[in-house]
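Accompanying notes for the structure given below.
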Amino acid sequence: MKAYSIDLRERVAAACAAPQARIYQVAAQFSVSISFVDKLLRRQRTSGSLAALPANGGPLPRLDPAGQDLLRACLVAQPDATLAELATALLAADGPALSRTSTWRAVERLGWGRKKKASTPPSVTPNASWPCAAYF
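All residue numbers for the sequence shown refer to numbering that gives the first Met the number 0, where the first residue is 0 and numbers rise by one.
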């Protein structure tokens with residue numbers, strides 16, 4: 000979600016500076032939330048700025064480049080391992096302890112996709128309920 004423009008922030012702050020202005024009225028007037036107006040005024044009081052805080056990019060990945068190499072070696076050794084098995088093998092190879100979700104993100108970053116091996120061979124006869132069954 001994008002931050003509100005500085006122009007809108009200035010107009011909201013100016014409307015709040017008017018005598019007899021109430022936060023909930025200003026919020027309704029500019030179609031923003033009451034918490035946004037409250038936080039904007041608090042930010043103006045504490046830092047003197049109305050600008051939005053820069054995005055921090057989120058938390059860093061738990062797996063460093065050395066850990067990625069360990070994970071890659073685990074994937075090469077056992078390409079059809081489940082995520083839980085990969086996390087266990089990575090831990091056994093002196094790597095970090097990862098959750099299943101973190102393991103999946105690391106595997107995706109390495110370019111390894113899901114195992115797409117079919118469990119049974121495809122049927123030779125087409126399914127009669129398919130809309131394109133007449134073309135087979």
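Even glycine gets a Cβ: it sits at the ideal position worked out from N, Cα and C.
For residue i and residue j, what's the separation of their Cα atoms in angstroms?
{"i": "A80", "j": "S4", "result": "48 angstroms"}
{"i": "F135", "j": "L109", "result": "Confidence is the limiting factor: at F135 the pLDDT is only 47, short of 50, which leaves the residue's position unreliable, though a coordinate-based value still follows. Near 39 angstroms, if we compare the C-alpha coordinates of L109 and F135."}
{"i": "G66", "j": "S48", "result": "42 angstroms"}
{"i": "A132", "j": "R104", "result": "Note on A132: pLDDT 47, under 50, position unreliable in the model; no value is reported."}
{"i": "V25", "j": "V36", "result": "8 angstroms"}
{"i": "V106", "j": "V31", "result": "40 angstroms"}
{"i": "A83", "j": "I22", "result": "50 angstroms"}
{"i": "P58", "j": "A2", "result": "20 angstroms"}
{"i": "P78", "j": "I33", "result": "52 angstroms"}
{"i": "Q28", "j": "A54", "result": "27 angstroms"}
Helix, strand or coil: how does DSSP classify residue i here?
{"i": "D37", "result": "helix"}
{"i": "L82", "result": "helix"}
{"i": "Y134", "result": "In this predicted model, Y134 has a pLDDT of only 49, less than 50, meaning its place in the structure is not dependable; the value taken from the coordinates is given anyway. Three-state DSSP puts Y134 in a helix."}
{"i": "S48", "result": "coil"}
{"i": "L62", "result": "coil"}
{"i": "C90", "result": "First, the amino acid is wrong: residue 90 is Leu here, not Cys. Correct three-state label for L90: helix."}
Less than 8 angstroms between the CB atoms is what I'm expecting for residue i and residue j, so what's the real figure, rounded?
{"i": "L39", "j": "A12", "result": "6 angstroms"}
Any 3 or more C-beta pairs closer than 8 angstroms across the segment 70-78 and the segment 88-105:
Judged by pairs of C-beta atoms under 8 angstroms, the segment 70-78 touches the segment 88-105, as three or more such pairs exist.
Do the segment 1-20 and the segment 40-50 meet, that is, are 3 or more Cβ pairs less than 8 angstroms apart?
In short, these stretches touch, since the Cβ pair count reaches three.
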